[in-house]
Every structure is written in C-alpha cells, then in structure tokens.
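Just add 18 to the spot in the sequence shown (first one is 1) and you have our numbering.
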Amino acid sequence: MARILITSALPYINGVKHLGNLAGSMLPADVYARYMRLAGHEVLFICATDEHGTPAELAAAEAGQTVRQYCDEQHEIQKRVGAGFSLSFDWFGRSSNEPNRKLTQHFAEVLEDNGLIEERTSRQVYSVDDKRFLPDRYVEGTCPNCKYEKARGDQCDNCGTLLDPVDLINPYSSVSGSRNVEIRDTRHLFLLQTKMQDQVRKFVDQRAKDWPHLTTSIAYKWLDEGLIDRSITRDLSWGIPVTRGGQPRPGFENKVFYVWFDAPIEYIGSTVEWSEANGKPNEWERWWRTDKGADDVTYVEFMGKDNVAFHAVSFPVTILGSKEPWKLVDKLKAFNWLNWYGGKFSTSQKRGVFMDQALELLPSDYWRWYLIANSPESSDTAFTWESFKASINSDLNDVLGNFVNRVTKYAAAKFDSKVPEQGTPGEHEAWIAKELETRLPQLAAHYEAMEFRKAAAETRAIWAAGNEYITRAAPWTAYKTSVDTAAVGIRTGINLAALFGVIAQPIIPTAAKSILDSIGVPDQFRSMNPARLGEGGYAGLLDALPRGMPISVPPQLFTKIEDAQVAEWTARFGGG
Ligand SMILES: [Zn+2]
Numbered sequence: 019m020a021r022i023l024i025t026s027a028l029p030y031i032n033g034v035k036h037l038g039n040l041a042g043s044m045l046p047a048d049v050y051a052r053y054m055r056l057a058g059h060e061v062l063f064i065c066a067t068d069e070h071g072t073p074a075e076l077a078a079a080e081a082g083q084t085v086r087q088y089c090d091e092q093h094e095i096q097k098r099v100g101a102g103f104s105l106s107f108d109w110f111g112r113s114s115n116e117p118n119r120k121l122t123q124h125f126a127e128v129l130e131d132n133g134l135i136e137e138r139t140s141r142q143v144y145s146v147d148d149k150r151f152l153p154d155r156y157v158e159g160t161c162p163n164c165k166y167e168k169a170r171g172d173q174c175d176n177c178g179t180l181l182d183p184v185d186l187i188n189p190y191s192s193v194s195g196s197r198n199v200e201i202r203d204t205r206h207l208f209l210l211q212t213k214m215q216d217q218v219r220k221f222v223d224q225r226a227k228d229w230p231h232l233t234t235s236i237a238y239k240w241l242d243e244g245l246i247d248r249s250i251t252r253d254l255s256w257g258i259p260v261t262r263g264g265q266p267r268p269g270f271e272n273k274v275f276y277v278w279f280d281a282p283i284e285y286i287g288s289t290v291e292w293s294e295a296n297g298k299p300n301e302w303e304r305w306w307r308t309d310k311g312a313d314d315v316t317y318v319e320f321m322g323k324d325n326v327a328f329h330a331v332s333f334p335v336t337i338l339g340s341k342e343p344w345k346l347v348d349k350l351k352a353f354n355w356l357n358w359y360g361g362k363f364s365t366s367q368k369r370g371v372f373m374d375q376a377l378e379l380l381p382s383d384y385w386r387w388y389l390i391a392n393s394p395e396s397s398d399t400a401f402t403w404e405s406f407k408a409s410i411n412s413d414l415n416d417v418l419g420n421f422v423n424r425v426t427k428y429a430a431a432k433f434d435s436k437v438p439e440q441g442t443p444g445e446h447e448a449w450i451a452k453e454l455e456t457r458l459p460q461l462a463a464h465y466e467a468m469e470f471r472k473a474a475a476e477t478r479a480i481w482a483a484g485n486e487y488i489t490r491a492a493p494w495t496a497y498k499t500s501v502d503t504a505a506v507g508i509r510t511g512i513n514l515a516a517l518f519g520v521i522a523q524p525i526i527p528t529a530a531k532s533i534l535d536s537i538g539v540p541d542q543f544r545s546m547n548p549a550r551l552g553e554g555g556y557a558g559l560l561d562a563l564p565r566g567m568p569i570s571v572p573p574q575l576f577t578k579i580e581d582a583q584v585a586e587w588t589a590r591f592g593g594g
C-alpha cells in the first residue's frame, strides 16, 4: 500500500467554474483519487479556493460586497457545486485562511534568510485620479504583442502572453477608466529565481521521466529561456501581509504577497486546515515534511497547461530555496484545453456551460463520463452538444444501463430475484474470462499512468465485451431448452453487471453505487485492487457473488438525451 498525496490546481474565487476548468484539473484528480483508494492505497486529496489577487477585489466591488464577504460566499458556492459533482476532496480549504498566512510569511522569511529575496525599486502604473498603484488587472490597455485593446495588466486574454502592467500601450485604470496614469517607483520584494536556475533544472531532470511530455516541454521551455527574478508583493490591501521577524515590514504596510506566491503554498495550508479540523494538528506533517514521514509519500499534482510553469518551476523555487525538508511534487499531470465548440470557455465572457448550470440539466455522472472520455490530454478537445448526446446515449444508456437492466430483470422474472445456482460454465464463459484477462490489467495500467481517456475507453470496452458475451450466451433463448444453460448466462451476467459497477466507480460514482447496492455486492467485492481483480483467475470473477444471493433491479440508471433537449440547450447556451 502506497501513500498518495493528490492536489488539484486551486479554482479561483471569482465565481463558479466552467466545464473546461472541471475537465482540466478537479475532475481527473478526483477520478485518480477514487481509483487509488479503490486500489487499496492511502490517499489524501486536497484542494482549496484561491482567494487573493486583483480579480477577487474587482469581482467583490462589482457585487457590492467587501472582499471578505464575497470570498466567504463564493467559497461556499464552489464547495457546494464541487460536492454536487461528487468531487471527493478530503479537504477543500481557503488560501485566505490562517495556516496559509503563517506558511507564506514563513517561506518569505526563510527565503530572505537564504539570500533569495531582496527589496528592489520597481516601476508601476499609478493612477493619479484613483490615488493608488494599479497592479495586474487594475490596469488594462493594448497588448504589446498582438495589439488587442483590452489586454489586462498581468496577461493578454487574446494571445495569452504574460504581461507586466508597464508594458501595456495606452494604459487605463480598470477601477475608474481614467487614462490619467503615470509610471511611478515603488518598493517590492523580489524572489531571486535566477539564483535557483541550476537547482531547479536538476530537480526537473530527476522528475522528467515520470512527467508527461506536455509537462516537461513547458518546464524546459521556461528553464531554457532562463528564470527571471520576480516581484512577489503587490500594492493591494487584500492578501497576506508582508512581515519581517513576525512584525509588519517597514515600508510594506500597504502591500501584500502576490497571489502567485501564496496560492501553491495553500496546498500545504489546506492540509493543515484538514489536520486541525480532524483534531490531529500535526497530522499534515506526515504528508509534507520529509523529516516527519513524508519520505514515502508520492505527491501528484493536477492542472491545466497554463499552470505548469508555476508548479514545475516557481513553487519548486520556493520549496528548494527554503532549504527545509518539504515534500516536492513527484508526478505532474497537465491538461490541454477543453474548448467550447471552436473557441474557449470563458469565465469573464460567460461563454460555455458552468458547473452549477450543468447540474441543473443532468446528473453529475453524465458530465463526468463525457469529460473523462474526452479528456484533453494529448491535445485540445472540443465540447459539443452532439458528441455529448451521442456519448451518453451510447456508452451509458445502451452499453452499460441496458445490460444491467436486462440481466437483473431476467433474474427477477425467471430466477426468483436470486443469483442462479445451477449449470456449468462453457465456451462463452471461457471467452469473456479471456477478455477480462486482457482488459482488466490494461485498465489498471491506464489509471497508474494517469491516462484518463484510455481508462474510460477500456472501461467502455469491458462493458461492450459483456454485451457481446450476453449476445453469444443468449440466456433468454437458452431458457426454452435448458434452464441450466440460461442459469449460467444470467449468473455470469449478474457477476458482470457487478464488475461493471466496480470498474465504473472512479468515473461515475453515483450510478456505480446504485448498481452495486441494488445487486447487493458485498463491500469486499467493490475494491479495484489489481490483485483482487485477478484473484482465482478471471473465470472466478464470473462466479464471485454467492450463488443464491438475493438481488434487486436497480432503478433506471440513465435517461437518453433527446434532440429536443439539445435544441433547448443550444438556444440557452449557444453552440451548434
Ligand atoms: Zn496579446
């Protein structure tokens, strides 16, 4: 049994996330966490809302709330929606909570003690009318790269280039719209990443063999271009105060740490929150301190490709630069974009379907299945209503739902709602056992390798093989001439239905539970431990449930999506 720490990139606090966000981090992280638990490992799955930075302040101002009120409310909403999608976080924390404040201030102190932080004067956009500096998104203007006229100070939404606000052409305040802005000097703390270049490269070299190509290509691109010293403070009031020796740092009373510095530290902070909430205040150390037992932890991070640089390079600068025994990431799984038709999902432009809206339309399993089966792993993929409908109607309704329904109903009608006891397996049972012998180890291998599309495809292939089996065995025809032969088919069918439920658990946990509970599958048969799934040979899986065990027919598992629904959703959300 291994110990696996899993974190998903922190969803930003400015509103409910869209399906692209879900597909690119939180959902695959959840599927992986569920699989690893089912395979018998000790898993800790951590996430949190990322609550600092200018977008939170701007969104709060727009909502007419204080930032604190706004974040309190949005955190609860995101937590509720995450639960609606069955995201099985062990803890869903907040980067604005006390543990992250303490840890962030601690890291800044030790980094400075180690000569990796220094105060520098930098040039910042100052709004004369607003009487304040305009960091990041508080300033907008024309992108120097692509000439898009509404680029934000930290990043151009059009071409994706990371920007410094002073680079913008024709800058204006996004607070007041005022163009009466000038460049003024201000003091900031700089993290001297240039000094860590060699150490970080060595770290990436060590890990590269375990990282997918998407991750290593981004990490090496940044390293090859050369790390730059980055400002880790901002002229803002909302955020983690800048301290030195435990006291407010002189000259930094109106400044806070930059959100990109404190957000990854919240992975640790959120674990501390979990630990305290469970009445074991030091338990987090077993996951994060290599001097306190975290040596044997495998740490796996999930994120979209835009976050890779911060996790593969910047956060390791913080960790390695501290010279303290903190756990570093072992495996870093990154995703491309799930697009909305040809374009991008967009929070700011409210384009696409958002998590709360999705749950109003259909149960979470429908979305979970589609998003994992179409996971944007090797390239960007596009959500379309048509492919969504086709996937749900075929994979979930026809291949899985109908199979479970048919065999359980037939057992209810002809075998007294019990797992049939009589009959001897023959050639058809040998055929399906052989299929399982090939496919189940492949399924486990895909999960181990974090290949989610392949895991979904293999899951579906196993369901399809079951359908093929029941067509060959045709117990309903056999019943007319030999009840024993029919009994073997239905017994095998019920055991397959149970197995289908077992392997469905990581991706569609609610439907899987419904199948397993209705059939009455005992807990010990619900594990996905690879050893158990091969125990006694694969034929054993076809006769695993106690013969004569009473079963019931599951409630309807899935409903087909109709053309009329697609038309209605297209009218409401666009697309098509
Ligand atoms: Zn641009």
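From the three backbone atoms N, C-alpha and C, an ideal C-beta is built for every residue, glycine too.
Asked: With distances taken Cα to Cα, identify the nearest neighbour of Glu378 among Tyr285, Arg197 and Phe103.; Found: Phe103
Asked: Tell me, which residues are paired with Ser109 by DSSP?; Found: Note that residue 109 corresponds to Trp in the displayed sequence, not to Ser. Paired residue(s): Ile64.
Asked: For Gly58, does the three-state DSSP call read helix, strand or coil?; Found: coil
Asked: To which residues of the same chain is Leu514 closer than 6 Å at the C-beta, ignoring the five residues directly before and after it?; Found: Gly484
Asked: For Lys604 and Val128, what's the separation of their Cα atoms in angstroms?; Found: Any property of residue 604 remains undetermined from this structure, which presents the chain solely from 19 to 594.
Asked: Write down every uninterrupted run of the beta strand (DSSP E) in the region 198-223 whose length is 3 residues or greater and which is fully enclosed by it, in chain order.; Found: 199-209
Asked: Is Thr179 near ligand 1, in the sense that its beta carbon is under 6 Å from a heavy atom of that ligand?; Found: yes
Asked: If you draw a straight line from the C-alpha of Asn357 to the C-alpha of Arg170, how long is it?; Found: 22 Å
Asked: Since Glu596 contacts Cys89 with CB under 8 Å, what's their CB separation in whole angstroms?; Found: Residue coverage of the chain in this structure runs from 19 to 594, which leaves residue 596 outside it and unanswerable.
Asked: Expressed to the nearest angstrom, what Euclidean distance is found between the alpha-carbon atoms of Gln583 and Arg478?; Found: 25 Å
Asked: Using DSSP with H/G/I as helix, E/B as strand and the rest coil, what is Arg307?; Found: strand
Asked: Let me know the secondary structure DSSP gives His70 once reduced to three states.; Found: coil
Asked: Looking at the unbroken beta strand (DSSP E) that takes in Pro144, where does it start and where does it end?; Found: According to the sequence displayed, residue 144 carries Tyr and not Pro. Start and end: Ile135 to Ser145.
Asked: For the region 61-80 against the region 93-107, are there 3 or more C-beta pairs whose distance is under 8 Å?; Found: yes
Asked: What is the DSSP secondary structure of Phe363, reduced to helix, strand or coil?; Found: coil
Asked: Considering only C-alpha positions, which residue in the set Pro527, Arg565, Leu458 and Ser194 is nearest to Tyr156?; Found: Ser194
Asked: Would you check if the distance between the CB atom of Trp403 and the CB atom of Trp587 is smaller than 7 Å?; Found: yes
Asked: Say yes only if the C-beta of Asn188 is nearer than 6 Å to one or more non-hydrogen atoms of ligand 1, and no if none qualify.; Found: no
Asked: Whole alpha helix (DSSP H) runs in the region 537-565 with 4 or more residues, listed along the chain?; Found: 548-552
Asked: Given that a residue counts as buried once 16 or more other Cβ atoms are within 10 Å of its Cβ, and exposed if not, what is His231?; Found: exposed
Asked: Going by CA-CA distance only, name the one from Trp355, Phe433, Pro568 and Tyr428 that's closest to Gly42.; Found: Trp355
Asked: When DSSP labels each residue in this structure, what does Asn354 get in the three-state scheme?; Found: coil
Asked: Apart from the five residues just before and just after Tyr317, which ones in its own chain have a Cβ nearer than 6 Å to its Cβ?; Found: Leu23, Lys345, Val347 and Asp348
Asked: Using only alpha-carbon positions, find the residue among Ser405, Gly552 and Ala491 that is nearest to Thr456.; Found: Gly552
Asked: Is the number of C-beta pairs between the region 318-326 and the region 199-218 that are closer than 8 Å three or more?; Found: no
Asked: Measure the Cβ-Cβ separation of Glu447 and Thr489 and say whether it is below 7 Å.; Found: no
Asked: The beta strand (DSSP E) that contains Val318, what's its start and end?; Found: Val315 to Gly322
Asked: DSSP has Lys436 in a bridge; who is on the other side?; Found: Pro568
Asked: Say whether chain B places a C-beta atom closer than 7 Å to the C-beta of Glu486.; Found: Annotation note: the requested chain B is absent from the structure, which comprises a single protein chain.
Asked: Please name the residue or residues paired with His124 in a DSSP beta bridge.; Found: Note: His124 sits in no beta bridge, so no partner.
Asked: Which of helix, strand or coil does DSSP assign to Val157?; Found: strand
Asked: Under the DSSP definition of a beta bridge, which residues are partnered with Trp344?; Found: Arg307
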